[in-house]
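By this note's numbering, the letter at position 310 of the sequence shown is numbered 355, and the numbering carries on one by one without gaps. We treat Cβ as the ideally placed atom computed from N, Cα and C, and that holds for glycine. A short worksheet on the structure shown next.
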Amino acid sequence: MNRDAETTVNARPDPLGFLDNEAVARTLNTAQATLGMARIGSLPGFSMPLFIFAAMSRFPAPFLVIVRDDETLNRLEFELGFLCDLYGANSARIAAMPDYDVFEMDAPLAVEDRRRRRLNALEILYGEQPSGGAIVIATPGGARRKTLDRQTWRAHTQTLAPGAKARPEDVMAALLRAGYERSRSIDRPGRAVLRGGVLDAWPAHADAPARIEFYGNSVEEIRRFDPETQRSQQKIESVLLTPASEVIFPHQTANAPAPGVDYSPAAAEESPLHALVRQHENLVRKDHAELIRRNLYFDAGVLYPTIFGSRANPLLDGLFSTIIFADARQCTEAWDKELENMTAWAGRRKFPDPQELFYNIYEEIPEDTSTLGKTLLLNSMPYGDGDADALDMPVRMLPPLPLDLGEISRILQRETAQGRVAIISRYKKRLLGFLDDEGIHGVSVVEGAVRGGFRLDTGPCSVFTDAEMFQARPEKKKAAVRRDPDR
């Protein structure tokens, strides 16, 4: 055996037969030894998330994976989560970093979801690194967008635990400076309210709110609470209060856009960012003020760049050790189209300079990102002989399993005679019963709902991801018998 192939990707059992395949190990070894960007092609369907997962055990974290659009981002986030569960990599943390809705098409809940996901990604990047590594999945716009730098993030992050010395008024003022909204009802992330010695806050990155009870100037108890009933639930050891916005207002500013406005923390009865929009509506066009009000974490830094100063970009600040482009050409084409659409949109909104608008929002990423971290350019299609430096995997697409049970039996018998076979199906129990009835052995069945079967010719290894034939069929309802009441 080739010495390069002796290194397996993962020491854990491999039910799909992909991670410990010698072609995968050899390709990863070559990519590690390649200077600059490594190009790897022929990764169709589910083989691409599998290859990314394999790379997670070889290349240094944190990872940034750039995909072409929101749909691909959501699918890859789910698929990598599925693989982490399947292979027991539960210490790895996966986060999504979509772009904000520049065109204002999202409903309010969708806007909130984008904000929460981005802030969750920043919490993973700027906080304590997980032992299993961190992987952030972003669209081209999400990866380019300017945001808070690590220093500002940490300066506006609070960790509270029982026994900690803190005045409730100071904690509330700090939350307002960090972008939280004062609200009597804590019904979504990024809201907080102080009632006497009880502070209710929903951390911007968290799934549930926390109730912090003070005794004098110290924290006595912290509990989760139900946002619907507002009732306290189980105790928790601590709560992490991260910024609720990617635009943080400075404590003091010498170049305020209008006189007579107090920006000091002591004067803040609401988030300074909300106050800025409310107090300065007469200084900007009405539609611009409405734009900021609807999407504060989107464009406030554009109209008031002198207040918010320089913005950071995690990619360009060297926070990622490994950068992966999933279908790099499609990512580039998607970004070019997005920028064209945004420029036209800004022109219709009559912004003074559309290009200047996006210069303030986005960073320009260099074509060669190998100076920022180890870069892998993955492609679902083969690179071909025209690119001598590219590595094409011996992988090809597999069609879904057919609806005919006899044909399924013949396909699986043929594949098991040649190598390893795995099926990922939501109908595991029914599928196992079918295999037992047909006397087919050597098939690994994994419960899951992913798409894009493939065959890895080295090994060989076949992974089917569609088994719709085995879904539970609803029983036909018996026709009701109409009875004559006079009979």
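Looking only at C-alpha atoms, which of the options sits nearest to residue i?
| i | options | result |
| --- | --- | --- |
| residue 273 | 292, 247, 110 | 247 |
| residue 164 | 177, 460, 130, 181 | 181 |
| residue 178 | 239, 231, 120, 109 | 109 |
| residue 94 | 480, 214, 72, 120 | 120 |
| residue 366 | 417, 185, 222, 266 | 417 |
| residue 293 | 252, 220, 173, 209 | 220 |
| residue 80 | 173, 284, 435 | 435 |
| residue 98 | 73, 84, 198, 82 | 73 |
| residue 494 | 76, 125, 106 | 125 |
| residue 361 | 414, 166, 159, 425 | 414 |
| residue 156 | 234, 214, 281, 377 | 234 |
| residue 450 | 424, 479, 432, 463 | 479 |
| residue 89 | 227, 160, 515, 425 | 425 |
| residue 260 | 208, 250, 441, 484 | 208 |
| residue 496 | 173, 446, 433 | 446 |
| residue 222 | 236, 201, 455 | 201 |
Around the C-beta of residue i, are 16 or more other C-beta atoms found within 10 angstroms, so that it is buried, or is it exposed?
| i | result |
| --- | --- |
| residue 206 | exposed |
| residue 18 | The question about residue 18 has no answer, for the chain in this structure spans 46 to 532. |
| residue 204 | exposed |
| residue 66 | buried |
| residue 92 | buried |
| residue 512 | buried |
| residue 448 | exposed |
| residue 71 | buried |
| residue 296 | Note on residue 296: pLDDT 48, under 50, position unreliable in the model; the coordinate value appears next. Burial call: exposed. |
| residue 116 | exposed |
| residue 58 | exposed |
| residue 154 | exposed |
| residue 433 | exposed |
| residue 237 | buried |
By DSSP, does residue i sit in helix, in strand, or in coil?
| i | result |
| --- | --- |
| residue 260 | strand |
| residue 406 | helix |
| residue 282 | coil |
| residue 377 | helix |
| residue 92 | helix |
| residue 72 | helix |
| residue 87 | coil |
| residue 414 | helix |
| residue 169 | helix |
| residue 112 | coil |
| residue 482 | helix |
| residue 158 | helix |
| residue 204 | strand |
| residue 244 | strand |
| residue 436 | strand |
Would you list the one or two residues that DSSP bridges to residue i?
| i | result |
| --- | --- |
| residue 452 | In DSSP, residue 452 forms no bridge with anything. |
| residue 142 | 183 |
| residue 226 | 236 |
| residue 491 | 469 |
| residue 217 | Answer by DSSP bridge pairing: none, since residue 217 is not bridged. |
| residue 357 | 192 |
| residue 266 | 258 |
| residue 441 | 500 |
| residue 370 | 111, 422 |
| residue 509 | 468 |
| residue 476 | DSSP, once it has assigned bridges, lists no residue as partnering residue 476. |
| residue 277 | 270 |
So, for residue i: in the same chain, excluding its five sequence neighbours on each side, which residues have a beta-carbon less than 6 Å away from its beta-carbon?
| i | result |
| --- | --- |
| residue 176 | 136 |
| residue 502 | 439 |
| residue 243 | 258 |
| residue 422 | 82, 84, 370, 373 |
| residue 470 | 476, 512 |
| residue 129 | 137 |
| residue 263 | 210 |
Taking 7 Å as the cut-off, is the CB of residue i close to at least one heavy atom of the ligand GTP?
| i | result |
| --- | --- |
| residue 182 | Summarising the ligand content, the structure contains no ligands, and the ligand GTP is consequently not present. |
Going along the chain, which residues of its own chain have a beta-carbon closer than 8 Å to the beta-carbon of residue i, five neighbours each way excluded?
| i | result |
| --- | --- |
| residue 379 | 113, 114, 184, 185 |
| residue 256 | 243, 244, 245, 267, 268, 269, 270, 277 |
| residue 162 | 140, 141, 142, 143 |
| residue 465 | 62, 487, 489, 504, 505, 506, 507 |
| residue 520 | Interpretation of residue 520 is limited by its pLDDT of 47, a score under 50 that renders its predicted location unreliable; the figure taken from the coordinates is listed afterwards. Same-chain partners within the cutoff: there are none. |
| residue 427 | 86, 87, 437 |
| residue 467 | 60, 61, 62, 488, 489, 490, 491, 506, 507, 508, 509 |
Which residues in the same chain have their Cβ closer than 7 Å to the Cβ of residue i, if we skip the five residues on either side of it in sequence?
| i | result |
| --- | --- |
| residue 443 | 498, 499, 500, 507, 509 |
| residue 198 | 167, 171, 288 |
| residue 357 | 191, 192, 193, 194 |
| residue 228 | 236, 238 |
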